[in-house]
Amino acid sequence: MKSVLVASLVASAAAFAPTKTAPASTQLSAWIDEQAVGVLPPAGFFDPLGLSKGKDDVTMKYYREAELKHGRVSMAACLGWYLNAAGVHPAFDSSLSNDPLKAMVELPPVGWLQFVLGCGAIEWLGQQIKNRPGYEPGDLLGAAYWVDDSDEGWVSYQNKEIQNGRLAMLAITGIIYQDVFVGEYGDMMYRQLVR
-18 MKSVLVASLV ASAAAFAPTK TAPASTQLSA WIDEQAVGVL PPAGFFDPLG
32 LSKGKDDVTM KYYREAELKH GRVSMAACLG WYLNAAGVHP AFDSSLSNDP
82 LKAMVELPPV GWLQFVLGCG AIEWLGQQIK NRPGYEPGDL LGAAYWVDDS
132 DEGWVSYQNK EIQNGRLAML AITGIIYQDV FVGEYGDMMY RQLVR
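Numbering-wise (our numbering), the sequence shown opens with residue -18 and increments by one.
Written as structure tokens, this is what we have:
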């Protein structure tokens, strides 16, 4: 497991290396050319594993929605991790461990039930929102009804959300790695080197 986590961290570092992409005359290249959101320098359209090759618009929109959802969950996880590590526990009279992984094990069954039902309700609501006409991937609040991708401010906001989500996905992976393999769950990973 340790080597898998290290390999995933090394592979994710490739996101910051510039890549050259040859123009292709596929359905995907039309999707990339039309998309102003998420195609950012220095990587451009970043797909090192080629998961998008030969995919249609429906699949690419599904991928974009998954990227947004994972990014949003990762941003919330990073915030929640450090709030928990700082000793902020909104439930159970702060009787859980400050280490979020230990707190997860200590969580009583009613807490897990609440967590699963809450996540299920959010997923169900998201599926219902997707059924409305004019739905854009990840647009759960309906902003696409008021602005479109021709508004530079809106495109800038979407790019910032995608970039912050990508960073948060890497960050929560590193935070969990730090807790599991180094034993530090707070912000002092290299504390033992400073002593």
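Backbone N, C-alpha and C define an ideal beta-carbon position, used for all residues, glycine too.
Nothing here was measured: the structure is a model prediction, and the numbers come from that model.
Residue i burial status per 10 Å Cβ neighbour count (16 or more: buried)
| i | result |
| --- | --- |
| L77 | buried |
| S75 | exposed |
| D160 | buried |
| Y166 | buried |
| L32 | exposed |
| Q139 | buried |
Those residues which DSSP pairs with residue i across a bridge
| i | result |
| --- | --- |
| L21 | G25 |
Check whether residue i and residue j have beta carbons under 7 Å apart
| i | j | result |
| --- | --- | --- |
| D130 | V136 | yes |
| K42 | P118 | yes |
| G115 | G52 | no |
| A149 | M85 | no |
| V20 | F26 | yes |
| A58 | I153 | yes |
| I156 | W93 | no |
| L121 | I110 | yes |
Hey, which unbroken runs of the alpha helix (DSSP H) at 4 residues or more fall wholly within the stretch 57 to 136? 81 to 87, 90 to 111
Contact between the stretch 58 to 68 and the stretch 81 to 88: three or more CB pairs below 8 Å? yes
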